[in-house]
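Colleague:
Protein chains: 2
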Amino acid sequence: MWEVAEELNAMLVFAEHRYYGESLPFGNKSFTDSKHLNYLTSEQALADFAILIQHIRKTIPGAQNTPVIAIGGSYGGMLAAWLRMKYPHVVDGALAASAPIWQFQDLVPCSVFNRIVTNDFKKSGKGCSESIRNSWEAIKRVSSTGEGLQWLSSAFHLCSPLKSSQDAAALKAWLSETWVNLAMVNYPYKADFLQPLPAWPIQVVCKFLKDPSLSDKLLLQNIFQAVNIYYNYSGVASCLNISHTATKNLGEVGWYYQACTEMVMPMCTDGVNDMFEPQKWDFQAFSEECFKLWGVRPRPSWITSVYGGKNISSHSNIIFSNGRLDPWSGGGVTQNITNSLVAIVIPEGAHHLDLRSSNPCDPKSVRQARALEVHYMKQWIEKARQRH
Amino acid sequence: MWEVAEELNAMLVFAEHRYYGESLPFGNKSFTDSKHLNYLTSEQALADFAILIQHIRKTIPGAQNTPVIAIGGSYGGMLAAWLRMKYPHVVDGALAASAPIWQFQDLVPCSVFNRIVTNDFKKSGKGCSESIRNSWEAIKRVSSTGEGLQWLSSAFHLCSPLKSSQDAAALKAWLSETWVNLAMVNYPYKADFLQPLPAWPIQVVCKFLKDPSLSDKLLLQNIFQAVNIYYNYSGVASCLNISHTATKNLGEVGWYYQACTEMVMPMCTDGVNDMFEPQKWDFQAFSEECFKLWGVRPRPSWITSVYGGKNISSHSNIIFSNGRLDPWSGGGVTQNITNSLVAIVIPEGAHHLDLRSSNPCDPKSVRQARALEVHYMKQWIEKARQRH
Numbered sequence: 001m002w003e004v005a006e007e008l009n010a011m012l013v014f015a016e017h018r019y020y021g022e023s024l025p026f027g028n029k030s031f032t033d034s035k036h037l038n039y040l041t042s043e044q045a046l047a048d049f050a051i052l053i054q055h056i057r058k059t060i061p062g063a064q065n066t067p068v069i070a071i072g073g074s075y076g077g078m079l080a081a082w083l084r085m086k087y088p089h090v091v092d093g094a095l096a097a098s099a100p101i102w103q104f105q106d107l108v109p110c111s112v113f114n115r116i117v118t119n120d121f122k123k124s125g126k127g128c129s130e131s132i133r134n135s136w137e138a139i140k141r142v143s144s145t146g147e148g149l150q151w152l153s154s155a156f157h158l159c160s161p162l163k164s165s166q167d168a169a170a171l172k173a174w175l176s177e178t179w180v181n182l183a184m185v186n187y188p189y190k191a192d193f194l195q196p197l198p199a200w201p202i203q204v205v206c207k208f209l210k211d212p213s214l215s216d217k218l219l220l221q222n223i224f225q226a227v228n229i230y231y232n233y234s235g236v237a238s239c240l241n242i243s244h245t246a247t248k249n250l251g252e253v254g255w256y257y258q259a260c261t262e263m264v265m266p267m268c269t270d271g272v273n274d275m276f277e278p279q280k281w282d283f284q285a286f287s288e289e290c291f292k293l294w295g296v297r298p299r300p301s302w303i304t305s306v307y308g309g310k311n312i313s314s315h316s317n318i319i320f321s322n323g324r325l326d327p328w329s330g331g332g333v334t335q336n337i338t339n340s341l342v343a344i345v346i347p348e349g350a351h352h353l354d355l356r357s358s359n360p361c362d363p364k365s366v367r368q369a370r371a372l373e374v375h376y377m378k379q380w381i382e383k384a385r386q387r388h
Numbered sequence: 001m002w003e004v005a006e007e008l009n010a011m012l013v014f015a016e017h018r019y020y021g022e023s024l025p026f027g028n029k030s031f032t033d034s035k036h037l038n039y040l041t042s043e044q045a046l047a048d049f050a051i052l053i054q055h056i057r058k059t060i061p062g063a064q065n066t067p068v069i070a071i072g073g074s075y076g077g078m079l080a081a082w083l084r085m086k087y088p089h090v091v092d093g094a095l096a097a098s099a100p101i102w103q104f105q106d107l108v109p110c111s112v113f114n115r116i117v118t119n120d121f122k123k124s125g126k127g128c129s130e131s132i133r134n135s136w137e138a139i140k141r142v143s144s145t146g147e148g149l150q151w152l153s154s155a156f157h158l159c160s161p162l163k164s165s166q167d168a169a170a171l172k173a174w175l176s177e178t179w180v181n182l183a184m185v186n187y188p189y190k191a192d193f194l195q196p197l198p199a200w201p202i203q204v205v206c207k208f209l210k211d212p213s214l215s216d217k218l219l220l221q222n223i224f225q226a227v228n229i230y231y232n233y234s235g236v237a238s239c240l241n242i243s244h245t246a247t248k249n250l251g252e253v254g255w256y257y258q259a260c261t262e263m264v265m266p267m268c269t270d271g272v273n274d275m276f277e278p279q280k281w282d283f284q285a286f287s288e289e290c291f292k293l294w295g296v297r298p299r300p301s302w303i304t305s306v307y308g309g310k311n312i313s314s315h316s317n318i319i320f321s322n323g324r325l326d327p328w329s330g331g332g333v334t335q336n337i338t339n340s341l342v343a344i345v346i347p348e349g350a351h352h353l354d355l356r357s358s359n360p361c362d363p364k365s366v367r368q369a370r371a372l373e374v375h376y377m378k379q380w381i382e383k384a385r386q387r388h
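Heads up: the protein sequence lines correspond to chains A and B, in order. For the first sequence, position 95 matches number 95 in UniProt numbering, and the numbering has no gaps at all. For the second sequence, position 306 matches number 306 in UniProt numbering, and the numbering has no gaps at all.
#1: Rank Trp2/A, Phe104/A, Ile51/A and Gly76/A by C-alpha distance to the C-alpha of Val90/A and give the top, closest one.
#2: Once DSSP output is grouped into helix, strand and coil, what is the label at Gly93/B?
#3: If we cut at 8 Å on Cβ distances, does Ile312/A have a partner in chain B?
#4: When Cβ atoms are compared, which residues of the segment 52-68 of chain B fall closer than 8 Å to chain A?
#5: What are the residues in the segment 81-100 of chain B lying within 7 Å of chain A by C-beta distance?
#6: Where does Ile223/A fall in DSSP's three states?
#7: Just the Cα atoms here: how many angstroms apart are Ser213/A and Asn181/A?
#8: In three-state terms, what does DSSP make of Asp326/A?
#9: Taking Cβ-Cβ distances shorter than 9 Å, what residues in chain B pair up with Gly332/A?
#10: According to the neighbour-count rule (16 or more other Cβ atoms, all chains shown, within 10 Å of its Cβ), is Gly349/A buried or exposed?
#11: Let me know the secondary structure DSSP gives Asp192/A once reduced to three states.
#12: Can you find the residues in the same chain that come closer than 6 Å, C-beta to C-beta, to Tyr189/B, ignoring five residues on each side of it along the sequence?
#13: List, in chain order, every chain B residue whose beta-carbon is nearer than 9 Å to that of Gly308/A.
#14: Look up Ile101/B in the DSSP assignment and say whether it is helix, strand or coil.
#15: Between Ser316/B and chain A, is any beta-carbon pair separated by less than 8 Å?
#16: Is Ser34/A close to chain B? Criterion is C-beta to C-beta, closer than 8 Å.
#17: Near Leu158/B, which residues of its chain fall below 7 Å by C-beta distance, leaving aside the five closest residues on each side in sequence?
#18: List, in order along the chain, the chain A residues whose C-beta lies closer than 7 Å to that of Ala15/B?
#19: Would you tell me roughly how many angstroms separate the C-alpha atoms of Ala246/A and Ile318/A, rounded to the nearest one?
#20: Check whether the Cβ atoms of Tyr75/A and Leu46/A sit closer than 8 Å, and answer yes or no.
#21: Using a Cβ cut-off of 9 Å, which residues of the segment 25-50 of chain A contact any Cβ in chain B, in chain order?
#22: Indicate the three-state DSSP secondary structure (helix, strand or coil) for residue 459/A in the structure shown.
#23: For Leu158/B, which of helix, strand or coil comes out of DSSP?
#24: Under 8 Å: do the segment 293-301 of chain A and the segment 75-84 of chain A share three or more Cβ pairs, one atom per stretch?
#25: Should Tyr39/B go down as buried or exposed, given a rule of 16 or more other Cβ atoms within 10 Å for buried?
#26: Among Asp270/A, Ala285/A and Ala138/A, which one has its Cα closest to the Cα of Lys217/A?
#27: Indicate whether at least one CB of chain B lies closer than 8 Å to the CB of Ser153/A.
#28: Which residue wins for smallest C-alpha separation from Asp120/B, given the options Tyr19/B, Leu171/B and Cys206/B?
#29: Could you please give the first and the last residue of the uninterrupted beta strand (DSSP E) stretch that includes Leu12/A?
#30: Out of Phe208/B, Arg324/B and Ala226/B, which has the shortest C-alpha to C-alpha gap to Thr178/B?
#31: What three-state label does DSSP hand Val342/A in the structure shown?
#32: Evaluate the contact criterion for the segment 137-157 of chain B versus the segment 165-174 of chain B: three or more CB pairs, one atom per stretch, below 8 Å.
#33: Would you identify the three-state DSSP class for Leu8/B, choosing helix, strand or coil?
#34: Can you give, in chain order, each stretch of the alpha helix (DSSP H) that sits fully within the segment 116-147 of chain B and has at least 4 residues?
#35: Do Gly295/B and Ser98/B have their CB atoms nearer than 8 Å?
#36: Report the neighbours of Ser305/B on chain A: residues whose CB is nearer than 7 Å to its CB, in chain order.
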């Protein structure tokens with residue numbers, strides 16, 4: 001964005017989503033209960049952005065008739081697309097990078113996300129995804145005794161030792177999330193999005209996971225080496241904390257509330273077509289958890305009701321870009337819908353790689369994607385200028 | 001609609017707007033305070049309609065993929081247009097009849113509404129609008145004495161006698177509203193929309209108002225004869241009640257709350273280009289009144305922020321129909337915006353005449369309007385069918 005803004009002589013405005021960062025409508029009471037969280041919805045956020053843009057138009061000299069393009073990645077990409085859909089009088093177009101607008105009820109199979117994660121590992125080293133698939137049973141077997149739990153705690157350099165089979169389940173959940181995060185940030189160069197990581201981190205990880213047929217303890221020692229790349233690439237961590245993953249700082253509480261109300265994204269695994277422990281999508285259990293936490297029930301069809309699901313062809317001027325390596329691409333728009341609702345797929349791209357700064361290690365596909373994105377933006381800008 | 005539904009083999013669904021009719025979210029507490037009224041917004045109503053349509057699609061055999069067209073008149077026409085704008089995945093098109101979507105801050109002159117009313121009276125009889133214009137000063141003069149107030153009360157057959165200059169102001173407001181309502185229902189045949197009325201009621205009214213140069217009392221006696229057409233065409237009223245106008249039953253409390261929050265429609269008169277007493281649009285006074293009544297302040301730019309004001313060209317499949325006699329046409333869309341955002345103007349039409357049943361007295365213009373409306377609907381339906 002910084003580079004393109006200069007090229008287009010544009011102003012960059014970063015709008016902070018309500019309930020994230022410092023934008024807390026009720027200060028430190030914002031997350032206390034559902035009454036205070038009640039104003040945290042994507043619709044309210046979109047209205048904020050629309051009002052902000054209109055305010056900027058009014059108050060900044062020269063901005064009055066200037067074209068505006070919404071840009072965002074991930075949830076921000078969904079918001080960018082939805083902003084164009086709901087407020088086409090406010091933004092002239094949107095770049096929705098890695099925006100899984102279809103990762104909702106009945107729009108894509110709940111398995112697609114974890115299959116893409118698995119594929120990333122499968123392609124990054126022989127034996128890699130199989131090693132991970134085999135690790136779940138290995139953990140189950142080892143954790144069945146007290147001595148085994150102790151061994152696991154020590155092998156994984158855990159800050160708090162595992163004490164029960166529940167703790168072992170937490171270890172597995174933490175490992176799963178780690179593999180997912182690695183798939184998201186599998187960038188072609190050293191980067192620090194969720195964690196500081198080497199170039200193509202999954203390839204680095206997979207170097208430790210070549211032999212899925214090892215005995216349980218040898219396999220799990222390798223698994224540790226692998227996750228240690230993710231959590232301790234800098235080499236300064238003295239122990240690993242399975243209650244923390246790198247995504248914790250991305251406004252987790254607010255996001256979890258949103259997931260418990262409108263942003264219900266079904267996920268599942270089968271252990272056959274993916275490398276994870278089989279787990280069906282259990283809406284009931286999810287709903288119960290939400291009710292326990294906030295006294296709210298998720299509305300799984302709401303997002304589709306409001307934003308149209310697959311039936312969005314009457315909208316215009318949205319680029320949906322997706323990296324093929326990014327598990328979120330499974331819920332993204334990867335085929336053109338109309339000639340102004342266009343998809344750009346980046347075969348070597350992870351989670352919104354195209355929004356990152358140019359890098360000498362960028363694959364050709366992402367350079368081309370960025371060029372095409374700028375091409376569309378220029379078209380929209382020109383058209384908007386003609387109207388004024 | 002009944003006739004066209006049969007022609008198109010369509011189901012008609014009438015959705016009741018929340019807080020109107022029997023749709024009271026908090027029963028008889030719904031209007032008690034702004035806390036209970038807080039859910040009364042056009043956005044919420046649109047969401048209700050979207051969810052209702054999706055529910056119908058799901059539950060009624062054969063409805064699943066059926067095209068849907070939103071139809072409405074007046075505020076309902078605005079909602080029809082906005083429903084298509086915000087939920088194009090739910091409705092394939094909209095007929096927005098007499099929908100003043102531009103009767104909001106800075107979009108049209110605040111004077112346009114009352115100029116159209118005046119024009120209707122000017123065209124309906126010589127001396128007519130001048131008689132009404134002269135009546136205000138006549139009332140002022142006559143009401144300046146106690147005897148005059150008594151005379152007025154008797155001359156206008158008022159149920160409660162006028163006792164002060166404030167009461168005289170109420171009489172004038174009641175008369176103004178009567179002229180406005182007559183302009184809205186100036187239909188070419190006997191009808192009973194706001195009140196039972198003869199064909200072309202303004203012409204009938206104007207028969208009493210041919211001489212604007214009469215003395216005050218003679219002029220005001222004629223004014224009484226004129227309004228008596230509106231309030232007592234059936235001849236059964238024993239007295240007239242200036243605290244009641246015919247619009248009272250159209251969900252007045254709810255509408256007034258909406259006017260005090262988002263539906264802020266600036267109106268003004270100058271007494272020169274219109275026949276009313278000069279009155280500037282006074283937002284501050286209006287805002288104070290709203291604050292006194294509900295503790296809320298109106299947001300005059302909100303509707304434009306949300307629905308786009310004049311900048312709506314990226315939407316599609318909306319017919320804006322307006323009768324040229326209808327004062328609301330001043331805030332309506334009366335010129336094509338694109339080839340799928342089209343305007344239909346009915347020179348001889350009052351408030352949403354096109355939505356009324358066919359009548360032998362219908363002018364050719366409204367017959368043509370209806371035919372064109374059906375033509376567009378068929379286009380939209382065909383296009384929607386092709387998508388499924």
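A virtual CB, placed ideally from N, CA and C, is assigned to each residue, including glycine.
Modeller: This is what the structure holds:
#1: Ile51/A
#2: strand
#3: yes
#4: Gln54
#5: Lys86, Pro88 and His89
#6: helix
#7: 25 Å
#8: coil
#9: Residues of chain B passing the Cβ test: none, with the nearest at roughly 18 Å.
#10: buried
#11: strand
#12: Ala199, Asn359 and Cys361
#13: Tyr87, Pro88, His89 and Val90
#14: coil
#15: yes
#16: no
#17: Cys239, Leu240 and Ile242
#18: Neighbours of Ala15/B on chain A: none; closest Cβ ~15 Å, over 7 Å.
#19: Any answer about Ala246/A is weak, because its pLDDT of 48 lies below 50 and its placement is not dependable; what the coordinates show is given next. Cα-Cα distance, rounded: 30 Å.
#20: no
#21: Glu43, Ala47 and Ala50
#22: Here chain A has residues from 1 to 388 only, and residue 459/A is not among them.
#23: strand
#24: no
#25: exposed
#26: Ala138/A
#27: no
#28: Cys206/B
#29: Run containing Leu12/A: none; DSSP gives neither H nor E here.
#30: Ala226/B
#31: strand
#32: yes
#33: coil
#34: 128-142
#35: no
#36: Ala50, Ile51 and Gln54
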